[in-house]
Amino acid sequence: DSRAFRGIRLASQSDMYPLNQQGYAPVIRGITGQSAELTIRQQGMTIRRETLPAGEFVIDDLNTSFQGTELDVTIEEADGTVQRFTQHGTSVPVMQREGRLSYTLDTGKYRGNRNNNKDLFVKSTAAYGINSVLTLYGGSYAAQHALSSGVGAGVNMGAAGGVSADILMRHTTATQHPRYRLNYQKFFPLAGTLVNTGAAHEQQSRQWQVRLLQPLPGDNGTLSAGYHYNRTGHDGRGYRAMINRDAGYSGHIGRVHYGVNAQYRTGGHFRKADKRVSVALSVPLDFAGQQARSHFHYHQRAGKASLQTSVNGLLGDEQRLGYSVTHSYQQQGAAHYRGAELRWRHDLADIRGRINHSQGHNTLNGDIQGGLIIHGDGITLSRPLGETNGLADTGGTGGIRVASRAAAQTDSAGFSVIPQLNHYHQNVIRIDPETLPDNADADDPVVQVIPSKGALVPVRFAVNTGYRVIYALRTAQGPVPFAARVKVKKADDSSVSGITGEDGEVYLSGLPAQGHLQAVWGKGMHEQCGADFTVPEDQQGLITLPLICR
Numbered sequence: 022d023s024r025a026f027r028g029i030r031l032a033s034q035s036d037m038y039p040l041n042q043q044g045y046a047p048v049i050r051g052i053t054g055q056s057a058e059l060t061i062r063q064q065g066m067t068i069r070r071e072t073l074p075a076g077e078f079v080i081d082d083l084n085t086s087f088q089g090t091e092l093d094v095t096i097e098e099a100d101g102t103v104q105r106f107t108q109h110g111t112s113v114p115v116m117q118r119e120g121r122l123s124y125t126l127d128t129g130k131y132r133g134n135r136n137n138n139k140d141l142f143v144k145s146t147a148a149y150g151i152n153s154v155l156t157l158y159g160g161s162y163a164a165q166h167a168l169s170s171g172v173g174a175g176v177n178m179g180a181a182g183g184v185s186a187d188i189l190m191r192h193t194t195a196t197q198h199p200r201y202r203l204n205y206q207k208f209f210p211l212a213g214t215l216v217n218t219g220a221a222h223e224q225q226s227r228q229w230q231v232r233l234l235q236p237l238p239g240d241n242g243t244l245s246a247g248y249h250y251n252r253t254g255h256d257g258r259g260y261r262a263m264i265n266r267d268a269g270y271s272g273h274i275g276r277v278h279y280g281v282n283a284q285y286r287t288g289g290h291f292r293k294a295d296k297r298v299s300v301a302l303s304v305p306l307d308f309a310g311q312q313a314r315s316h317f318h319y320h321q322r323a324g325k326a327s328l329q330t331s332v333n334g335l336l337g338d339e340q341r342l343g344y345s346v347t348h349s350y351q352q353q354g355a356a357h358y359r360g361a362e363l364r365w366r367h368d369l370a371d372i373r374g375r376i377n378h379s380q381g382h383n384t385l386n387g388d389i390q391g392g393l394i395i396h397g398d399g400i401t402l403s404r405p406l407g408e409t410n411g412l413a414d415t416g417g418t419g420g421i422r423v424a425s426r427a428a429a430q431t432d433s434a435g436f437s438v439i440p441q442l443n444h445y446h447q448n449v450i451r452i453d454p455e456t457l458p459d460n461a462d463a464d465d466p467v468v469q470v471i472p473s474k475g476a477l478v479p480v481r482f483a484v485n486t487g488y489r490v491i492y493a494l495r496t497a498q499g500p501v502p503f504a505a506r507v508k509v510k511k512a513d514d515s516s517v518s519g520i521t522g523e524d525g526e527v528y529l530s531g532l533p534a535q536g537h538l539q540a541v542w543g544k545g546m547h548e549q550c551g552a553d554f555t556v557p558e559d560q561q562g563l564i565t566l567p568l569i570c571r
């Protein structure tokens, strides 16, 4: 049930797990008599290799990407003994990893309910991986005029495939209406064929479907075919049944992608057989380093054809300007449609304009989309926000570009919004050192953050604004000793520090125009010195100056 509601939801979040542990994957267990090397291969390619100590081992963090294939596991012990076995990867969507619980608990009222039913409801679902073979799942729904519950199980049967079965009971004052479902999936590794079939039964309605997916050898495309039978209730004249058959082929030659699909439907509300054929082609048109692609789509239904062609691409070194030109023709009514669109990705907004011509009518429209964040230090504008965002802070230094496709340069207050961060996972965010002002330097241009879902996370960069100077410090006895600690206290109580090199040189960034420098290389009074300094106003960039320290 994906209807919107107003209320409260308590749910598990699978995306809080590492990427390689999201979704289902079986557990590999074994025992070694001595230290051994474990090798896991997928279709001949090594995807994991590690050394195992003697004793029992458990591999429970396999990646989900191997589903639908088989893993060849080899264990070679120190004395040369070799164990080999196959781990089958076919499963069904309900499967959970061993020991993992997935759940939702919703309560509230539906919004915009078409039956005007504003009753409070409570809905729950849960699925638990008993082990890597068996998953149990179920759910319930309760409202004033409705009550239903269901239970089911998913089983990984290894070489035999994966299967799930469940029963849903709808409870009313008159009777109970059970609904039974069965789903089966099997991968055939030698041919690379994936078969999925399912069936459902409820009172007088029946559903049954099967789908095959067959990659061709040598990366020569993929064939698909499906059959779907759906019989609804009795209307007094008999059962209404609709049968849908479809087949398709898709592939690519280099960067040219193509596809052909056919569909044939009978029964149901169709008085005549519904026949459809479509052909799609996508061809790259890159030129002078600019990305572009053309698309062709032909569709025929009931003898009436339609054709659509389009070209779209991006322009500029930063690919800020996007464009698309479209023309379509429908045989029925000899209708033509023409359209053109320009999109500009500005630092603070996405700007779009479009002109259309159809059947003698012209339309012109456009829109501007952006974001606005109010925070403790002011207001920051941005491009459209994502679910999880970051706020870069460079300490008041503007004009610094954050190395993110969606981020802008920092504004005059030193802030920039970073839209669309990955929640619950590490995000590495960089500022472009080339865009730092001449009087600024960053202690570290890279910051790592792990935001929660829906958060606005601060991303603070330590940018020192001021002069950048290499001082050659000398005392009456010669250069200041190696590794002396140098510190300059600023008017705002912050400080600039550095360490001297072998000849007493020290690099300091963010220096004020004048101030006092203190160098310390020991605990005694004779192991420290100080000096007042004034940076010449007529010099910019990296400045090198001598300085006598007393």
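Mapped onto our numbering, the consecutive letters of the sequence shown carry residue numbers 22 to 571.
Each residue gets a CB set at the ideal place from its N, CA and C atoms; glycine is no exception.
So if DSSP puts residue i in a beta bridge, which residue, or which two residues, is it bridged to?
i, result
"Glu91", "His109"
"Leu532", "Tyr488"
"Gln539", "Lys508 and Gly551"
"Phe436", "Asp414"
"Gln311", "Phe308"
"Gly129", "Gly28 and Phe142"
"Tyr149", "Leu122 and Leu157"
"Glu97", "Glu58 and Val103"
"Arg451", "Val467"
Beta strand (DSSP E) containing residue i: first to last residue?
i, result
"Pro479", "Leu477 to Arg481"
"Pro305", "Asp295 to Pro305"
"Leu141", "No beta strand (DSSP E) holds Leu141; DSSP gives it neither H nor E."
"Arg50", "Ile49 to Thr53"
"Tyr350", "Leu342 to Gln351"
"Phe208", "Gln197 to Phe209"
"Ile421", "Taken as a continuous stretch (DSSP letters only), Ile421 belongs to no beta strand (DSSP E), as it is neither H nor E."
"Ile395", "Gly392 to His396"
"Gly173", "Ala167 to Asn177"
"Asn217", "Thr214 to Glu223"
"Arg70", "Met66 to Leu73"
What's the gap between the Cα of residue i and the Cα of residue j?
i, j, result
"Leu155", "Tyr131", "34 Å"
"Leu538", "Pro466", "26 Å"
"His444", "Asn41", "15 Å"
"Gln498", "Trp542", "14 Å"
"Thr565", "Arg366", "41 Å"
"Gly416", "Tyr319", "55 Å"
"Val507", "Gly150", "59 Å"
"Arg105", "Pro305", "45 Å"
"Gln321", "Thr330", "15 Å"
"Pro210", "Glu91", "7 Å"
"Val346", "Lys296", "30 Å"
"Ala186", "Gln206", "12 Å"
"Arg276", "Ala283", "24 Å"
"Gln390", "Leu369", "9 Å"
"Leu412", "Ile400", "11 Å"
"Ile394", "Gly475", "14 Å"
"Pro114", "Thr287", "30 Å"
"Leu83", "Ala221", "32 Å"
"Glu523", "Pro458", "29 Å"
"Ala356", "Gln380", "7 Å"
"Arg62", "Asp93", "5 Å"
"Pro405", "Arg341", "15 Å"
Considering only the alpha carbon of each residue, which of the options lies closest to residue i?
i, options, result
"Gln469", "Ala461, Arg451 and Leu457", "Arg451"
"Val231", "Ile421, Ser403, Asn204 and Gly545", "Asn204"
"Gly392", "Gly354, Ile439, Arg495 and Glu362", "Ile439"
"Gln430", "Asn410, His446, Asp453 and Ile61", "Asp453"
"Ala294", "Gly562, Arg495, Asn282 and Ile264", "Ile264"
"Ala552", "Asp514, Val509, Arg359 and Asn333", "Val509"
"Ala512", "Tyr250, Gln535 and Arg495", "Gln535"
"Thr146", "Ser170, Ala476, Ser153 and His166", "Ser170"
"Ser403", "Ser437, Asn217, Arg375 and Gly374", "Ser437"
"Gly65", "Thr107, Gln43, Thr102 and Ser299", "Thr107"
"Ser271", "Tyr250, Arg252, Asn217 and Leu244", "Leu244"
"Ser530", "Leu563, Phe503, Ala504 and Pro199", "Leu563"
"Ala504", "Pro472, Thr521, Ser515 and Ile421", "Thr521"
Answer yes or no: the CB of residue i versus the heavy atoms of the ligand NAP, is any distance below 7 Å?
i, result
"Ser403", "Judged by which ligands are present, the structure shown has none, so any question about the ligand NAP falls away."
Query raised in the report: Below 8 Å, can you find three or more Cβ-Cβ pairs linking the region 156-166 to the region 91-109?
Result: no
Requested in this report: Report yes or no: do the region 32-40 and the region 68-79 share at least 3 C-beta pairs separated by less than 8 Å?
Outcome: no
Query - Cβ pair count under 8 Å reaching 3, the region 405-419 against the region 472-489 - result: yes
Query - Touching by the beta-carbon criterion (3+ pairs, under 8 Å), the region 114-131 and the region 42-59 - result: yes
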